[in-house]
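Counting from 1 along the sequence shown, just add 469 to a position and that's the residue number in my numbering. Where is the CB? At the ideal position from N, CA and C, for every residue including glycine. Written below as structure tokens is the structure these notes are about.
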Amino acid sequence: MEYLLGIWVDLWDASFGNKSRLWPLYLITTLVIAVALYRLRGERQPFLQWLMPKAVWLHPSHIVDLKVFALSRLLTVAGAFNVIALSTIVAPLVAAHLPLSQLTDAQPHPFVIAALLLVVSDFATYWVHRLHHEVHILWPFHSLHHSAEVMTPVTVYRKHPIYDLTKSVIHGAMIGLTQGALLAMFPGGVTMGMLLGVNAGYLLFNMLGANFRHTHIWLSYGRVMEHILISPAQHQIHHSIDPAHHNTNYGEVLAIWDWMFGTLYVPQTAEKLEFGLGDAHGNRLAQRHDSLAAALVVPVRDSLRQIRKKLRRKGAKPTVTPAE
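Dropping the structure here:
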């Protein structure tokens, strides 16, 4: 009985705990911001119809979101994407072998550590995200997320397990390297508990409207701030089928990586968007992830097809034109 209770507690924590976008505190702040937007914009339809329209929340695409969410939470509880476990293995190894000068008298403030870890984590997110768009073998696993035709806060979890695993490994390695460097430089002032327990940056990020990123509600931070932080509107643009929006706004929290590497798109004004997968001309592609089974199997098949194509190209003999 206690074992089953423990599983339910772990499932609740993975689904609605403070590391989830669906943590009640984040949902409450999302609701408060929604009420403010509703009143400021003078919306005429009833509040709940505006915030949670049936056409979105009962859409077949959202039903798939819910199924993928349930599976991903089960896999998380099973430890399939345990980033902390990897980072705690990497960090001590790096600390023990990294030739850095020890600053025994210095004690960095926890908020400095939080900011540093957020920057490193966000940098890793940018490149994991971008690689999954630009590498043909990886794209199928991320295309599941982009195949969402409507979006709700649950859509953030519409991810293939292989995408989550890849991201977890890269994040774990980069966070572990950073933690190891901090332990090497400040052996007396930094503990593993401090490194693992600081979440101030993401707490603020999630409380300031992160849940609007996967919704139909436009929320922009303005042209200046959108060169620094990725707004919900910018992430919605990332999901647009419009070719002008393809391969832009890869960042999660910070826009500086997109700005630095030439992938930033800052909207001039509110734009009407269509979500889902589109071709190079902006035509919507047929939905191929229309069930949980398809969401899991189609990306694997597509990725294997890309691998076979590459192998065939490598194995093809060059054509030699006979001399006249």
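According to DSSP, simplified to helix, strand and coil, what is residue i?
i: F744; result: strand
i: S489; result: coil
i: R510; result: coil
i: E793; result: At E793 the pLDDT is 37, less than 50, meaning the model places this residue with poor confidence; the figure from the coordinates comes in the next sentence. Note: E793 maps to coil in three-state DSSP.
i: L677; result: coil
i: R774; result: helix
i: L698; result: strand
i: K783; result: helix
i: L527; result: coil
i: L723; result: strand
i: R692; result: coil
i: S760; result: coil
Let me confirm a value: residue i is counted as buried when at least 16 other C-beta atoms fall within 10 Å, else exposed. Which label applies?
i: G511; result: exposed
i: S760; result: exposed
i: I686; result: buried
i: Q737; result: exposed
i: H794; result: The requested residue 794 is not part of the displayed model; the chain covers only 470 to 793.
i: H640; result: buried
i: M643; result: buried
i: W477; result: exposed
i: Q648; result: buried
i: D534; result: buried
i: W695; result: For clarity, residue 695 is Glu in the given sequence; the question names Trp instead. Label assigned to E695: buried.
i: A764; result: buried
i: L688; result: buried
i: E542; result: A small fix is needed here, since residue 542 is Arg in this sequence, not Glu. The residue in question, R542, is buried, as its Cβ has 16 or more Cβ neighbours within 10 Å.
i: L520; result: buried
i: R490; result: buried
i: I776; result: exposed
Tell me, to the nearest whole angstrom, how far the beta carbon of residue i is from that of residue j; I am working on the premise that it is less than 8 Å.
i: Y719; j: R599; result: 5 Å
i: H707; j: T621; result: Contact flag wrong, Cβ pair sits at about 16 Å.
i: H528; j: E618; result: 7 Å
i: S772; j: F610; result: 7 Å
i: T624; j: H578; result: At roughly 36 Å, the Cβ-Cβ gap does not stay under 8 Å, so T624 and H578 are not in contact.
i: H601; j: Y632; result: 6 Å
i: A739; j: L733; result: Not a contact, Cβ separation roughly 18 Å.
i: F592; j: W726; result: 6 Å
i: S616; j: Q756; result: 6 Å
i: K536; j: V597; result: Contact doesn't hold; Cβ gap of about 24 Å is too wide.
i: P768; j: S612; result: 7 Å
i: L587; j: G670; result: 4 Å
**Report entry** Three CB pairs or more closer than 8 Å across the segment 705 to 721 and the segment 575 to 588
**Finding:** no
**Report entry** Cβ contact check for the segment 740 to 751 and the segment 694 to 713: 3 or more pairs under 8 Å
**Finding:** Judged by Cβ distances under 8 Å, the segment 740 to 751 makes contact with the segment 694 to 713, as three or more pairs qualify.
Query raised in the report: Taking contact to mean at least 3 C-beta pairs separated by less than 8 Å, is the segment 666 to 684 in contact with the segment 497 to 514?
Result: yes
Query raised in the report: Three or more beta-carbon pairs under 8 Å between the segment 533 to 548 and the segment 475 to 487, yes or no?
Result: Result yes; three or more Cβ-Cβ pairs closer than 8 Å.
Requested in this report: Note down, one range per segment and in chain order, each alpha helix (DSSP H) of at least 4 residues found wholly within the segment 586 to 643.
Outcome: 608 to 615
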